[in-house]
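Chains as they are written, first to last, in this note's numbering: chain H, 589 to 702; chain B, 6 to 120. Glycine is no exception: its CB is placed at the ideal position from the N, C-alpha and C atoms.
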Amino acid sequence: DTGVSQDPRHKITKRGQNVTFRCDPISEHNRLYWYRQTLGQGPEFLTYFQNEAQLEKSRLLSDRFSAERPKGSFSTLEIQRTEQGDSAMYLCASRSDANTGELFFGEGSRLTVL
Amino acid sequence: AQSVTQLGSHVSVSEGALVLLRCNYSSSVPPYLFWYVQYPNQGLQLLLKYTSAATLVKGINGFEAEFKKSETSFHLTKPSAHMSDAAEYFCAVSDPSQAGTALIFGKGTTLSVSS
Numbered sequence: 589d590t591g592v593s594q595d596p597r598h599k600i601t602k603r604g605q606n607v608t609f610r611c612d613p614i615s616e617h618n619r620l621y622w623y624r625q626t627l628g629q630g631p632e633f634l635t636y637f638q639n640e641a642q643l644e645k646s647r648l649l650s651d652r653f654s655a656e657r658p659k660g661s662f663s664t665l666e667i668q669r670t671e672q673g674d675s676a677m678y679l680c681a682s683r684s685d686a687n688t689g690e691l692f693f694g695e696g697s698r699l700t701v702l
Numbered sequence: 006a007q008s009v010t011q012l013g014s015h016v017s018v019s020e021g022a023l024v025l026l027r028c029n030y031s032s033s034v035p036p037y038l039f040w041y042v043q044y045p046n047q048g049l050q051l052l053l054k055y056t057s058a059a060t061l062v063k064g065i066n067g068f069e070a071e072f073k074k075s076e077t078s079f080h081l082t083k084p085s086a087h088m089s090d091a092a093e094y095f096c097a098v099s100d101p102s103q104a105g106t107a108l109i110f111g112k113g114t115t116l117s118v119s120s
């Protein structure tokens, strides 16, 4: 299966530590998205890449968050100085220009900050 | 700005009963609309999408949805619920005139199915 893959699936960390999540999109997809999902809520948009260019960032993406997609393939989302409020599922999705807007999601990376 | 509202955070039905999950959207342009399903600790899977073709859209697992512009609605239905339909369902909207724009999701509806 060549779907969207995310790593790690689960991460438990202590407050103040840095964490990094990786997303490998479907290989032919040039657009990549990061979302955050908290319990009982729908996914909230964080940021979006077209190839290696970060084209849009939500105001949810505080200065402690940084995302990269250096070669237009995989992407990383780093959270510095984690806070308990960062505990959430971080979802990655991708799509191509050819499809009609639907996103293909990975299984998510669940972060727990103690 | 676009948004979706899902009426009812929790819907309970009996196995074999009709499933109706409600979604209303707000958009200044003709939107694309989507329904996704999420099982526990998993990502989102596309059920169906409306992209300005037929207003009645059929999806996977026997689900369908009808786009009603006059009511700004895109409700999801299934004639007969199955235990395996128990999951979280999300309605989403996007602006097709903005290339690459992210989907905006509703808060979700949890569907419970009892035997």
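Here I667(H) is buried. Its C-beta has 16 or more other C-beta atoms within 10 Å. A91(B) is positioned such that its CB atom lies closer than 8 Å to that of S117(B).
The C-alpha of Q47(B) lies about 10 Å from the C-alpha of R597(H). Within chain B, the residues placing a beta-carbon under 9 Å from that of Q629(H) are F110, K112, G113, ordered along the chain. Cα atoms of I614(H) and S661(H): separation of roughly 9 Å, rounded to the nearest angstrom. Boundaries of the beta strand (DSSP E) harbouring E93(B): 92-99, taken from the DSSP string.
For G660(H), there are no neighbours in chain B by C-beta distance under 9 Å, as the nearest C-beta there is about 14 Å away. Cβ proximity to chain B below 8 Å picks out R619, Y621 from the stretch 610-622 of chain H. Listed along chain B are G48, each with a C-beta nearer than 8 Å to that of G694(H). Annotation: the continuous beta strand (DSSP E) that includes D612(H) extends over 607-612. In this model, S99(B) and S663(H) are separated by some 23 Å (Cα to Cα). Residue pairing of N29(B) in beta bridges, as defined by DSSP: T10(B), S78(B).
For T688(H), the chain B residues whose Cβ falls inside 7 Å of its Cβ are Y37, K54, T56, in order along the chain.
According to DSSP, A641(H) shares a beta bridge with Q638(H).
Residues of chain B whose Cβ lies closer than 7 Å to the Cβ of Y636(H) are, in chain order, G105, A107. Here DSSP, grouped into helix, strand and coil, assigns D674(H) to helix. Its chain contains R624, Q625, T626, L699 as the residues whose beta carbon lies nearer than 7 Å to that of A676(H), once the 5 sequence neighbours on both sides are disregarded; these appear in chain order. Here S661(H) carries a coil assignment [DSSP, helix/strand/coil]. Among the CB atoms of chain H, one or more fall inside 8 Å of the CB of S99(B). Look at S654(H) here: in three-state DSSP terms it is strand. Taken through DSSP and simplified to helix, strand or coil, S120(B) comes out as coil. Think of a sphere of 9 Å around the beta carbon of F72(B): no beta carbon from chain H falls inside it, the nearest being about 14 Å out.
Taking every protein chain shown into account, the CB of P631(H) has 16 or more other CB atoms within 10 angstroms, so this residue is buried.
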